[in-house]
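This report concerns only the one structure given below.
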Amino acid sequence: MTYLIPRDFVAQENARSLAQLQADYDALAGVLQRRGRDIEALTTQAGGFSVALPSWGVGTGGTRFARFPGQGEPRNVFEKIDDCATVHQLTRVTPGVSLHFPWDRTQDPRALREIANARGLHFDSVNSNTFQNAAGQPLSYKYGSLTAQDAAVRAQAIAHNIDCVELGNTLGSKGLTVWLGDGANFPGQHNLRGALERYLSSMREIYAALPSDWLIYIEHKLFEPAFYATTIADWGTSFACATELGPKAKCLVDLGHHAPNTNIEMIVARLAQFGKLGGFHFNDSKYGDDDLDSGSINPFQLFLVFNELRDGVARDGAAFNPTYMLDQSHNVTDPVESLMSSAIEVQRAYIQAALVDTDALAHHQQENDALMAAQTLKQAFRTDVGPILAMARVRAGGAADPVACYRASTYRDHKAKERPPVAGASGSGIV
Ligand code: PSV
Ligand code: MN
1 MTYLIPRDFV AQENARSLAQ LQADYDALAG VLQRRGRDIE ALTTQAGGFS
51 VALPSWGVGT GGTRFARFPG QGEPRNVFEK IDDCATVHQL TRVTPGVSLH
101 FPWDRTQDPR ALREIANARG LHFDSVNSNT FQNAAGQPLS YKYGSLTAQD
151 AAVRAQAIAH NIDCVELGNT LGSKGLTVWL GDGANFPGQH NLRGALERYL
201 SSMREIYAAL PSDWLIYIEH KLFEPAFYAT TIADWGTSFA CATELGPKAK
251 CLVDLGHHAP NTNIEMIVAR LAQFGKLGGF HFNDSKYGDD DLDSGSINPF
301 QLFLVFNELR DGVARDGAAF NPTYMLDQSH NVTDPVESLM SSAIEVQRAY
351 IQAALVDTDA LAHHQQENDA LMAAQTLKQA FRTDVGPILA MARVRAGGAA
401 DPVACYRAST YRDHKAKERP PVAGASGSGI V
């Protein structure tokens with residue numbers, strides 16, 4: 001029998017801190033009222049937020065050097081769903097799960113869908129994988145996949161992506177995210193223009209197989225594993241390809257996929273302006289594609305990204321709805337704890353951005369008052385919106401303090417008993 005955290009347990013844990021939370025909430029309500037803001041409206045807004053979980057994030061990811069798995073990690077997609085459901089149970093902001101094929105392939109996608117739905121989850125975009133060879137696959141991706149010189153390799157990679165679309169369709173997904181490691185490690189290895197031509201020709205075939213209500217997300221990444229010239233290295237290439245492909249193709253911004261100090265919020269603004277901002281993979285980084293927990297290194301950048309997203313909604317309304325996913329690798333933490341805190345960090349940035357005094361900001365911009373414009377953003381960023389997030393969770397049946405509640409539940413100890421390690425099974429699929 002699979003252990004689930006009992007609902008009553010969450011309520012009991014919440015009861016310990018409810019009076020304190022209410023006091024903090026009331027104090028914050030007063031602060032916001034003086035700024036002309038209604039805390040209840042913000043709490044409702046926080047309750048409407050969601051960010052999808054990466055199925056590959058519930059296991060220890062590891063680095064290229066080693067993987068040090070923790071106890072009780074999921075050994076298959078059904079166990080991953082249990083962990084995702086637990087993250088959602090306590091945070092109430094992660095009802096979507098983004099699957100990755102072939103790591104999450106199952107013989108019975110209908111059963112998987114039913115089980116996930118019964119746990120309050122649905123499937124967000126699916127991800128294809130042509131950056132590794134799948135077991136038993138006839139041709140190798142060593143020299144590329146959708147851009148390979150060999151037409152038969154390209155055909156195999158195209159077929160895999162179309163297979164992901166079909167599987168995703170059965171699961172109720174509405175999007176395919178395509179990231180590939182294709183590129184060159186040496187100058188001269190590729191004809192740079194030829195590689196992109198082959199990419200576009202392959203993507204056109206995948207695009208043609210999309211159901212009418214699906215989107216295809218193009219994920220760029222500066223480098224790794226192609227260390228000289230990655231084919232889809234930047235948002236400009238991604239934008240050009242999405243434009244070439246058509247309206248169902250959009251760009252996906254993974255926060256870790258840029259050179260250090262890149263102004264990511266400006267990329268977000270540009271893609272939003274031209275209608276090609278499809279979605280995000282949230283994570284944080286110090287050096288490269290570090291896949292650290294969202295908001296753990298540069299929460300101000302995350303806030304500034306959400307400030308652009310707020311601006312996008314203000315301009316375009318409901319038509320502006322990029323999809324949000326986490327994409328992280330947890331090496332030294334319990335993945336469930338990292339995912340819970342990361343989802344809340346992303347939600348925090350969303351609510352902080354909602355607090356920006358947009359009239360004041362527009363005024364300072366008009367007056368060329370750079371200092372006060374920056375202060376206006378900082379005032380929103382510095383506001384501790386924690387009580388709003390906690391109250392939204394409690395009202396939705398989640399935990400006031402998800403990590404404390406999770407630890408008190410001894411969920412991981414239960415899983416350690418239920419899930420003895422199986423040789424070759426990896427919770428993350430990455431290593
Ligand atoms: C590549 O670094 C990436 O960000 C892509 O989204 C992959 O699908 C994911 O990581 C998993 O390895
Ligand atoms: Mn990613």
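When we follow full-length UniProt numbering, the leftmost residue of the sequence shown carries the number 1, and every step to the right adds one.
C-beta: ideal position from N, C-alpha, C; glycine also.
What is the DSSP secondary structure of residue i, counted as helix, strand or coil?
i           : result
Pro-54      : strand
Ile-5       : coil
Val-403     : helix
Tyr-25      : helix
Gly-246     : coil
residue 432 : No answer is possible for residue 432: it lies beyond the span of the chain, which begins at 1 and ends at 431.
Asp-334     : coil
Ser-17      : helix
Arg-419     : coil
Glu-367     : coil
His-190     : coil
Thr-231     : coil
Ser-201     : helix
Val-165     : helix
Val-431     : Because the pLDDT of Val-431 is 41, which lies under 50, any placement of that residue in the model is unreliable, and the number read from its coordinates should be weighed accordingly. In the structure shown, Val-431 sits in coil (DSSP, three-state: anything other than H, G, I, E or B).
His-220     : coil
Thr-323     : strand
Ala-184     : strand
His-257     : coil
Val-356     : coil
Ser-125     : coil
Phe-68      : coil
Phe-282     : strand
Leu-292     : strand
Within 10 angstroms of its Cβ, does residue i collect 16 or more other Cβ (buried), or is it exposed?
i       : result
Leu-252 : buried
Phe-381 : buried
Met-372 : exposed
Arg-348 : buried
Glu-345 : buried
Ser-138 : Note on residue identity: the sequence assigns Pro, not Ser, to residue 138. Classification of Pro-138: exposed, given that the 10 Å Cβ count is below 16.
Phe-282 : buried
Val-31  : exposed
Thr-44  : exposed
Asn-307 : buried
Val-268 : buried
Arg-186 : The displayed chain sequence assigns Phe, not Arg, to residue 186. Answer is exposed; the Cβ neighbour count stays below 16.
Lys-142 : exposed
Pro-211 : exposed
Met-231 : Note that residue 231 is Thr in the sequence shown, not Met. The residue is buried, with at least 16 neighbouring Cβ atoms inside 10 Å.
Confirm, please, whether the CB-CB distance from residue j to residue i is below 7 Å.
i       : j       : result
Ile-115 : Ile-158 : no
Leu-21  : Ala-390 : yes
Asp-254 : Glu-219 : yes
Met-340 : Ala-52  : no
Arg-92  : Ala-343 : no
Trp-235 : Lys-174 : no
Thr-237 : Asp-182 : no
Gly-13  : Ala-408 : According to the sequence as given, residue 13 is Glu; it is not Gly. Yes, they are a contact pair.
Ile-216 : Ala-249 : yes
His-257 : Leu-222 : yes
Gln-71  : Ala-416 : yes
Leu-242 : Arg-310 : For the record, residue 242 in the displayed sequence is Ala; it is not Leu. Contact: no.
Gly-295 : Pro-322 : no
Ile-162 : Ala-209 : yes
Ser-55  : Leu-18  : no
Ser-338 : Asp-291 : no
Asp-357 : Thr-376 : yes
Ala-134 : Pro-102 : yes
Could one say the Cβ of residue i lies closer than 7 Å to chain D's Cβ atoms, at least one of them?
i      : result
Thr-86 : No chain D is present in this structure, which holds just one protein chain.
Go through the residues and name those whose CB comes closer than 5 Å to any heavy atom of the ligand MN, in chain order.
-> That query returns the following residues: Asp-254, His-281 and Asp-327.
Indicate whether the contact test is met: 3 or more Cβ pairs, each with one atom in the segment 102-121 and one in the segment 68-86, closer than 8 Å.
-> Segments in contact, yes.
Evaluate the contact criterion for the segment 63-77 versus the segment 361-372: three or more CB pairs, one atom per stretch, below 8 Å.
-> These segments do not touch.
At least 3 beta-carbon pairs within less than 8 Å: the segment 162-178 vs the segment 121-130 = Yes: the two stretches touch, three or more of their Cβ pairs being nearer than 8 Å.
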